Amino acid sequence: MSNSNPSSSDPQNQVILTENKISQSEFEQLDLQSLGLSEQDFAKVQEVSHELDELGQHSVAEYGKNIASATSSYTDELLQMVQSKDLDETGQKLNQVVQVAQQLNSDNVLAENKKKGLIGSILSKFNGAKQSFQLRFNDSKAQIDTLVKEIETTQSGLKQRVDMLDKMHRAIQDEYRQLGIYVASGQLKQKQIANQISQLSSQNNDQSNQHIVSQIYDLNHHANNLEKRVHDLRTLQQSALQTLPMIRIIQSNNLMLVDKFYAIKNITLPAWKNQISLALSLNEQKNSVELANTIDDATNELLRRNAELLHDNSVKTAKANQRAVIDVETLEHVQNTLIKTVNDVIQIQKEGMQQRVQATEKLKSLQSNLNQLVIEGSQSEIKKS
């Protein structure tokens with residue numbers, strides 16, 4: 001049987017279709033809209049169909065391979081762009097701008113001095129508060145200006161990347177159309193294979209011609225492989241379709257990031273600088289009041305803290321002196337726990353005995369069922385003989 005099969009001696013197991021031309025009417029019967037095609041694509045579909053004139057393992061496996069590789073490369077490039085460190089660096093620099101600006105808070109300077117100093121050193125620290133704040137303002141302004149210049153360089157790269165994403169969008173649209181052409185051609189070839197199998201089957205009704213039987217087998221095998229390949233291309237086409245809005249979203253994110261940076265540079269930062277400059281003047285006005293209030297607060301806080309500490313120490317000492325070595329509640333808890341432990345162990349032992357009894361009965365039932373099955377099987381064999 002194996003010697004009469006011509007495909008067994010052919011390493012590629014190739015089969016030549018008797019009908020390898022597709023018609024315009026067959027093409028128009030396809031769901032062209034879902035494939036992203038139009039009637040004008042018929043010539044291209046017809047051209048691609050010649051790749052499957054000779055069906056074989058390699059021809060089916062490599063069908064549409066080039067277009068699939070191209071689409072995959074675009075997807076990899078898109079993922080690399082999403083993970084680009086430039087975007088992360090831009091976000092980090094913007095965060096640094098915010099952090100530097102948040103450090104410029106005159107209230108924080110005063111609060112630090114109030115917490116650190118005792119009454120004797122508060123006056124000297126307040127005298128240095130204004131100078132410390134001005135130095136911090138000048139240093140932070142220099143940091144912000146440096147970060148802004150660095151971000152400007154990154155933003156220009158982001159704007160260039162938007163143009164590159166436009167080119168990628170057009171290229172993937174073309175890849176989507178090319179995949180549709182390959183899918184359409186593959187679907188039409190599947191119909192040709194089905195027709196040829198039907199013709200061969202009608203010629204060999206009694207299945208006596210082994211050569212035709214072998215051809216039918218090979219055609220069925222290639223039809224299954226082609227159906228799987230066409231489905232893979234259709235899936236890849238859908239993936240390409242999903243990639244298109246992804247590109248637009250990335251473009252939109254880039255543009256929003258650029259716009260946000262310009263808003264920070266032209267609106268937010270000038271507003272911060274103006275407010276911080278006003279804070280220097282306002283800080284001078286309230287320094288005298290803050291100084292007096294701070295001294296009074298420190299004095300009152302010291303007196304209250306000492307009084308509270310005296311009360312707390314006295315109460316704790318008295319309680320410690322009156323407390324027994326072992327609390328009655330502790331002894332009661334220990335006894336209740338011991339009783340519960342004994343009861344739980346007894347209950348677990350009873351339940352274990354019941355489960356073992358039930359398991360023994362179950363094993364006897366299983367053994368009885370198995371013996372019954374063996375006896376019935378033996379009687380059936382005796383009757384047949």
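Heads up, the sequence shown is in our numbering, so the first residue is 1 and it goes up one at a time. Glycine included, each C-beta is placed from N, C-alpha and C at the ideal position. Remember, it's a predicted structure, so these values are computed and weren't measured experimentally.
Query, Result
"Tell me the DSSP secondary structure of Glu54 in three-state form.", "strand"
"Return helix, strand or coil for Ile326, following the three-state DSSP convention.", "coil"
"What's the gap between the Cα of Val45 and the Cα of Gln33?", "15 Å"
"Contact check, Tyr182 vs Leu233 under 8 Å by CB: the rounded distance?", "5 Å"
"Do you know offhand how far Ser368's Cα is from Lys362's?", "10 Å"
"Output the residue ranges of the beta strand (DSSP E) runs that lie fully inside the stretch 214-296 and measure 3 residues or longer, sorted by chain position.", "none"
"How is Gln29 classed by DSSP in three states: helix, strand or coil?", "coil"
"Would you kindly check if the distance between the Cβ of Lys189 and the Cβ of Leu52 is under 8 Å?", "yes"
"Tell me whether Leu37 sits in a helix, a strand or coil according to DSSP, three-state version.", "coil"
"Here's a check: name, in chain order, each residue in its chain whose Cβ is nearer than 6 Å to the Cβ of Asn108, leaving out the five neighbours to either side.", "Reliability fails at Asn108, whose pLDDT of 46 lies under 50, so the model's placement of it is uncertain and the value that follows must be treated cautiously. So no residue of the chain qualifies."
"Label Arg248 either buried or exposed according to how many other C-beta atoms from any shown protein chain fall within 10 Å of its C-beta, with 16 as the threshold for buried.", "exposed"
"Excluding sequence positions up to five away, which residues of its chain have a Cβ less than 6 Å from the Cβ of Gly36?", "Tyr176, Arg177 and Gly180"
"Could you tell me the boundaries of the alpha helix (DSSP H) in which Glu62 lies?", "Glu62 -> no alpha helix (DSSP H), and no H or E assigned at all."
"Would you mind reading off the limits of the alpha helix (DSSP H) that contains Lys44?", "Phe42 to Ser49"
"Expressed to the nearest angstrom, what Euclidean distance is found between the alpha-carbon atoms of Phe42 and Val60?", "21 Å"
"Going by C-alpha distance, which of Ile197, Leu255, Gln203 and Glu150 is nearest Gln160?", "Leu255"
"What's the C-alpha gap between Asn113 and Thr146?", "No answer about Asn113 holds up, because its pLDDT of 46 lies below 50 and its placement is not dependable."
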